[in-house]
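Report on one structure; see the data block that follows.
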Amino acid sequence: MRERTTIGIVGGGPSGLMLSHLLHREGIEHIVVEARSRAEIENTHRAGILEQGSADMLVDGVSDRVLHDGARHDGIDIRINGDSHHVDFQGLVGASTYLYPQTDVFIDLADEAGEDGRDVRFGLGPVEVDDLTGTPVISYVDPHSGERIEIKCELLVGTDGSRSTCRRSIPEGERRAFYREYPFAWFGIMAETPPSHDELIYARSDSGFALISQRTPELQRLYFQCEPGTDPSDWTDEDIWATFRKRVNFGGFELNEGPIIDKTVLGFRSFVSEPMRWGNLLLAGDAAHTVPPTGAKGLNLALQDVRILAESLTEWHSTRSESALADYSERCLRRVWKAQNFSYWMTSMLHANPEASEFDQRRSVAELRTVVESEHGKAWLAESYTGWPNERTLP
Numbered sequence: 001m002r003e004r005t006t007i008g009i010v011g012g013g014p015s016g017l018m019l020s021h022l023l024h025r026e027g028i029e030h031i032v033v034e035a036r037s038r039a040e041i042e043n044t045h046r047a048g049i050l051e052q053g054s055a056d057m058l059v060d061g062v063s064d065r066v067l068h069d070g071a072r073h074d075g076i077d078i079r080i081n082g083d084s085h086h087v088d089f090q091g092l093v094g095a096s097t098y099l100y101p102q103t104d105v106f107i108d109l110a111d112e113a114g115e116d117g118r119d120v121r122f123g124l125g126p127v128e129v130d131d132l133t134g135t136p137v138i139s140y141v142d143p144h145s146g147e148r149i150e151i152k153c154e155l156l157v158g159t160d161g162s163r164s165t166c167r168r169s170i171p172e173g174e175r176r177a178f179y180r181e182y183p184f185a186w187f188g189i190m191a192e193t194p195p196s197h198d199e200l201i202y203a204r205s206d207s208g209f210a211l212i213s214q215r216t217p218e219l220q221r222l223y224f225q226c227e228p229g230t231d232p233s234d235w236t237d238e239d240i241w242a243t244f245r246k247r248v249n250f251g252g253f254e255l256n257e258g259p260i261i262d263k264t265v266l267g268f269r270s271f272v273s274e275p276m277r278w279g280n281l282l283l284a285g286d287a288a289h290t291v292p293p294t295g296a297k298g299l300n301l302a303l304q305d306v307r308i309l310a311e312s313l314t315e316w317h318s319t320r321s322e323s324a325l326a327d328y329s330e331r332c333l334r335r336v337w338k339a340q341n342f343s344y345w346m347t348s349m350l351h352a353n354p355e356a357s358e359f360d361q362r363r364s365v366a367e368l369r370t371v372v373e374s375e376h377g378k379a380w381l382a383e384s385y386t387g388w389p390n391e392r393t394l395p
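Put into structure tokens, the structure is as follows:
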């Protein structure tokens, strides 16, 4: 079976669905295809710190649930061997972030797509793409009928994640990949306890790094630095809580402890693929770049990509001018590399690098103190963490 559409979107996660929302608002025909089922995506739990600009995008026509069910954070707490330094986002740059899981972002976008009656197809299994410099084709085998479906589109957008089929369809000689692997990982848990603090705590101590976050009023999400390849099943609950105590229980502060219902280990790497456009294919989100989780930039980068892409596609649709797409990659990559720099900087300051000399370890702690003991340093951190000013509209 052969079909046609104007814009084909491969990837029905938050970035693909946000792009669909923006295109629908402009009356631009499109189809979204996703290999995974909606239930599978909904049950893939990821943390979620939304920059103010990302929250703006949800509130602007998708859902205002982030304002009611999300937790607004006006700052973060950075602790160095128990010394607490508050970074006041509102006081420093007049912005906030929102604790709102990525799963909820997806649910909001998927519900809105269903209410609009948009053509979003989940659970398709393997999806292939072809003819990226001509008339792109998306193809898959219908999981119900067994019929092969081909969708011809004028432009193709790849929002299909870090293992992107779309990105890998660009010949290797036509793209450059930039990597950085980190010599540590995060051991993450979900615990059935009330939050230990009303904002995130980033803690660096002589015993190592820890991050204290929340999920709901009844659930805590917490992480500590560990070695890559760590097997979560090797750790008892008591081992885990003992590690957190050594890293954050200082000066009278004590974590709330309780039953651990989930354990996972997250690897750390930075990745950028350039360019983000090749022929009639445009990449966005994790299909083009990933960052370490320290600076909370992953989902926010993806949403800002599609904001820029929607602007470019809207101009292209009205003018059919090639120039409307010409600077898409450059515009996105400027922000991507700023975010890569911020994520690398946060990661380097807050973690004990096992490959670093004692001189470098002490120097990085001094760098962290320099930042949090300076109003200008904290202001730069706050601006970078909450999103750069041109992306904010919420008060």
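389 is the number that UniProt numbering gives to position 389 of the sequence shown; each next residue is one higher, with no gaps. Here a beta-carbon is modelled for each residue, glycine too, at the ideal position from N, C-alpha and C.
Residue environment, residue i, which counts as buried when at least 16 other CB atoms sit within 10 Å
i	result
Arg-392	Low confidence applies to Arg-392: its pLDDT is 45, below 50, so where it sits in the model is not reliable, and the reading given next is rough at best. Looking at its Cβ environment, which holds 16 or more other Cβ atoms inside 10 Å, Arg-392 is buried.
Tyr-223	buried
Glu-375	exposed
Asp-60	exposed
Phe-178	exposed
Arg-307	buried
Pro-395	Here the model assigns Pro-395 a pLDDT of 40, short of 50, so the residue's position is not dependable and the matter cannot be decided.
Pro-259	exposed
Asp-286	buried
His-30	buried
Met-1	exposed
Thr-236	exposed
Phe-359	exposed
His-73	buried
Ser-343	buried
Gly-229	exposed
His-289	buried
Arg-215	buried
Pro-293	buried
Arg-221	buried
Thr-347	buried
Pro-136	buried
Residue i: first and last residue of the uninterrupted alpha helix (DSSP H) it sits in
i	result
Val-87	That residue, Val-87, is in no alpha helix (DSSP H); its beta strand (DSSP E) goes 83 to 88.
residue 403	What the structure shows of the chain is the stretch from 1 to 395, and residue 403 is not part of that stretch, so it cannot be assessed.
Pro-14	14 to 25
Tyr-344	328 to 350
Met-57	52 to 59
Asp-116	102 to 116
residue 396	This structure does not reach residue 396, given that the chain is present from 1 up to 395, and the question cannot be answered.
Arg-38	38 to 42
Residue j beta carbon less than 9 angstroms from that of residue i
i	j	result
Arg-180	Trp-278	no
Ser-63	Asp-119	no
Leu-281	Gly-173	no
Thr-97	Glu-51	yes
Asp-305	Val-336	yes
residue 396	Gly-8	The question about residue 396 has no answer here: the residues shown for the chain are numbered 1 through 395.
Gly-70	Leu-92	no
Thr-165	Val-365	no
Leu-309	Ala-284	yes
Phe-184	Phe-268	yes
Pro-389	Ala-55	no
Leu-132	Ser-162	no
Ile-261	Ala-191	yes
Leu-333	Glu-274	yes
Ala-35	Asp-130	no
Thr-370	Gly-377	yes
Trp-241	Glu-257	yes
Gly-208	Thr-264	no
Where the beta strand (DSSP E) through residue i begins and ends
i	result
Phe-224	219 to 226
Thr-370	No beta strand (DSSP E) holds Thr-370; the alpha helix (DSSP H) holding it covers 358 to 372.
Val-248	Note, Val-248: premise wrong, no beta strand (DSSP E); alpha helix (DSSP H) at 237 to 248.
Arg-4	2 to 10
Leu-99	97 to 99
Val-141	137 to 141
Val-32	30 to 33
Asp-130	128 to 130
Gly-75	75 to 80
Residue-level contact to chain B via CB, residue i, 9 angstroms cutoff
i	result
Pro-136	The displayed structure is made up of one protein chain only, and chain B is not part of it.
Touch test, the stretch 99 to 109 against the stretch 42 to 57, Cβ-Cβ under 8 angstroms, three pairs minimum: Segments in contact, yes.
Any 3 or more C-beta pairs closer than 8 angstroms across the stretch 22 to 33 and the stretch 112 to 125: For the pair of segments examined, the stretch 22 to 33 was found to touch the stretch 112 to 125: the number of CB pairs separated by less than 8 angstroms reaches three.
Three-pair Cβ contact test at 8 angstroms for the stretch 320 to 333 versus the stretch 341 to 354: No, the stretch 320 to 333 does not touch the stretch 341 to 354.
Touching by the beta-carbon criterion (3+ pairs, under 8 angstroms), the stretch 199 to 216 and the stretch 141 to 159: These segments do not touch.
Every unbroken beta strand (DSSP E) within the stretch 150 to 230, with a cutoff of 3 residues, ordered by chain: Within the stretch 150 to 230, complete beta strand (DSSP E) segments of at least 3 residues are found at 176 to 191, 201 to 205, 208 to 216, 219 to 226, given in chain order.
Whole runs of the beta strand (DSSP E) within the stretch 270 to 305, excluding any shorter than 3 residues: Runs of the beta strand (DSSP E) inside the stretch 270 to 305: 281 to 283.
Cβ contact (3+ pairs, closer than 8 angstroms) linking the stretch 82 to 92 and the stretch 380 to 390: Yes: at least three Cβ pairs fall under 8 angstroms.
Three or more C-beta pairs below 8 angstroms linking the stretch 201 to 211 and the stretch 76 to 85: Taking a cut-off of 8 angstroms for Cβ pairs, the stretch 201 to 211 and the stretch 76 to 85 touch, as three or more such pairs fall below it.
Touching by the beta-carbon criterion (3+ pairs, under 8 angstroms), the stretch 248 to 255 and the stretch 122 to 129: With the rule of 3 Cβ pairs closer than 8 angstroms, the stretch 248 to 255 does not count as touching the stretch 122 to 129.
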